[in-house]
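Enquirer: Below are the structure tokens for one structure; questions will follow.
See below:
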């Protein structure tokens, strides 16, 4: 009987450990890890610790099983990929960029979602499901068949990036 409890404890502890560390780079494919180390030297995926204290607490309270810097999903019609939200702090200046990695013939191609830009507030990534989205600016509704990339300032607006069959497009879904 003790063995059953021991196994249950290990399973629960193992799951909790996995959930507690959703931003670990070792969870990414080796080719992406290599690309991050070489092509994006000095850039780091956003973690909860990089957020302002109130944003960090909001993230921990609501999204602790997610990483604000790494999401995996089916963002295009050709398969799964990874989106990495990168931050670079140098000389007192903070820059942010978002890059999409998609597997193609055992390698990963890269595509910029958000080009490097200066920022004063760190944006977070969220994975959103396929579905109907309404652009607040144009009022137009779109039905999107793939997963979408939510990039937002905590407790503020969200921009959703989606694949239109040829390129990533963006719509503002909340203010």
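In my numbering, the protein residues as written are 1 to 175. Don't be surprised by glycine CBs; every beta carbon is placed ideally from N, CA and C.
1) Starting from the C-beta of residue 26, find all residues in its chain whose C-beta is less than 8 angstroms away, skip the five residues before and the five after it, and write them out in chain order.
2) Since residue 72 contacts residue 97 with CB under 8 angstroms, what's their CB separation in whole angstroms?
3) To test your reading of the DSSP string, which unbroken alpha helix (DSSP H) runs of 4 or more residues are found completely within the segment 115-168?
4) Counting C-beta neighbours from all protein chains within 10 Å, is the total for residue 173 16 or more, i.e. buried, or is it exposed?
5) Roughly how many whole angstroms lie between the Cα atoms of residue 51 and residue 122?
6) Residue 148 and residue 160 look like a contact to me (Cβ under 8 angstroms); what is the Cβ gap, rounded to whole Å?
7) Name the two residues that bound the continuous beta strand (DSSP E) containing residue 95.
8) What does DSSP give as the partner residue(s) for residue 112 in the beta ladder?
9) Find out if the Cβ-Cβ distance for the pair residue 85, residue 45 is shorter than 8 angstroms.
10) If you draw a straight line from the alpha carbon of residue 38 to that of residue 23, how long is it in whole angstroms?
11) From residue 48 to residue 68, what does the alpha carbon distance come to, in whole angstroms?
12) Reducing DSSP to helix, strand and coil, say where residue 63 ends up.
13) Among 94, 109, 110, which has the Cα closest to the Cα of residue 117?
14) Relative to the C-alpha of residue 143, which residue among 163, 155, 151, 137 is closest?
15) Shortest alpha-carbon distance to residue 83 belongs to which of 110, 59, 63, 62?
Expert: In brief:
1) Correct list, in chain order: 33.
2) Between residue 97 and residue 72 the Cβ distance is about 18 angstroms, and since that is not below 8 angstroms, they are no contact.
3) none
4) Residue 173 comes out buried.
5) Straight-line Cα distance between these residues: approximately 6 angstroms.
6) 5 angstroms
7) 93-104
8) 99
9) yes
10) CA-CA distance, residue 38 to residue 23, rounds to 19 angstroms.
11) Residue 48 and residue 68: Cα-Cα distance of roughly 7 angstroms.
12) helix
13) 94
14) For residue 143, the closest of 163, 155, 151, 137 by C-alpha to C-alpha distance is 163.
15) 110
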